[in-house]
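In mature numbering (1 follows the signal peptide of the UniProt record, and there is no 0), the protein residues as written are -24 to -1, 1 to 226.
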């Protein structure tokens, strides 16, 4: 009977210990061995676990680390890096109580969205020549392209297709879905312009020639009169001027 009684007591003790260890800790507690320790607040980690006589010791997260929930962790999590190579930029910097929030770079849209940001992005698609931008890309959606209908064109950068130019005289190159028509001028107006220019040149040349002839004639006449005058003066000096009456004559 004694042995049976001792066995019964030991069994009861083990069952009670087992039941005690199975009792869940509170929502703001974490279990460490047989103790339910108070959790550290967001932005802090456990420095020393609690004991039967002391509470949990907590310290802040530092050096680009964080913890965003009440916890019983001894290490903080490393802050997320927003990699430009993945099309990301910092939308909200990391704090001790919250992780970095990444956004998309200009010209990119998110491929892997999170609650507040994005984990990976891709550059917006470019429309091909002959297409126009039907819907401009956003931070969450890609660009949507559409084909230009007949008699219109786009180089791929337009939000609407432009109509081909209607050539008034001569079409050198017809329009395509990616380029406008190339126009020229009519041969008849061109001939008229050339003829007008030639007539103007001939008239101007004739006018210059007439003026030149007038100046040349006047110049010849002046030279003739000047020569005659010099001859008459010389003859007078020779006939009437003597050394006696005109010592300066030689």
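Each residue gets a CB set at the ideal place from its N, CA and C atoms; glycine is no exception.
Helix, strand or coil at residue i according to DSSP, with G and I counted as helix
i: residue 164; result: Only weak support exists for where residue 164 lies, its pLDDT of 48 falling under 50; the value from the coordinates is given anyway. Note: residue 164 maps to helix in three-state DSSP.
i: residue 64; result: strand
i: residue 175; result: helix
i: residue 3; result: coil
i: residue 53; result: strand
i: residue 95; result: coil
i: residue 146; result: strand
i: residue 115; result: coil
i: residue 158; result: strand
i: residue 11; result: strand
i: residue 38; result: coil
i: residue 48; result: coil
i: residue 23; result: strand
i: residue 110; result: strand
i: residue 126; result: coil
i: residue 33; result: strand
i: residue 139; result: strand
i: residue 151; result: coil
i: residue 89; result: strand
i: residue 74; result: strand
i: residue 16; result: strand
i: residue 121; result: strand
i: residue 229; result: Nothing can be reported for residue 229, as the shown portion of the chain is limited to -24 through 226.
Residue burial classification, residue i (beta-carbon count within 10 angstroms, cutoff 16)
i: residue 42; result: buried
i: residue 22; result: buried
i: residue 153; result: buried
i: residue 2; result: exposed
i: residue 101; result: exposed
i: residue 32; result: buried
i: residue 146; result: exposed
Whether residue i touches residue j by CB criterion (9 Å)
i: residue 46; j: residue 97; result: no
i: residue 79; j: residue 61; result: no
i: residue 112; j: residue 128; result: no
i: residue 70; j: residue 48; result: no
i: residue 56; j: residue 85; result: no
i: residue 132; j: residue 140; result: no
i: residue 105; j: residue 155; result: yes
i: residue 26; j: residue 8; result: yes
Minimum C-alpha distance to residue i - residue among the options
i: residue 121; options: 109, 114, 58 and 100; result: 109
i: residue 73; options: 104, 36, 62 and 2; result: 36
i: residue 149; options: 159, 142 and 81; result: 159
i: residue 24; options: 68, 34 and 15; result: 34
i: residue 138; options: 126, 145 and 67; result: 126
i: residue 103; options: 84, 115 and 123; result: 123
i: residue 53; options: 107, 140, 19 and 105; result: 19
i: residue 76; options: 66, 82 and 84; result: 66
i: residue 142; options: 157, 116 and 131; result: 157
i: residue 89; options: 64, 105 and 83; result: 64
i: residue 30; options: 11, 38 and 44; result: 11
i: residue 99; options: 91, 119 and 107; result: 119
i: residue 59; options: 87, 83, 28 and 95; result: 95
i: residue 83; options: 6, 115 and 28; result: 115
Cβ-heavy atom distance, residue i to the ligand FMN, below 8 Å
i: residue 14; result: The ligand FMN is not part of this structure, which contains no ligands at all.
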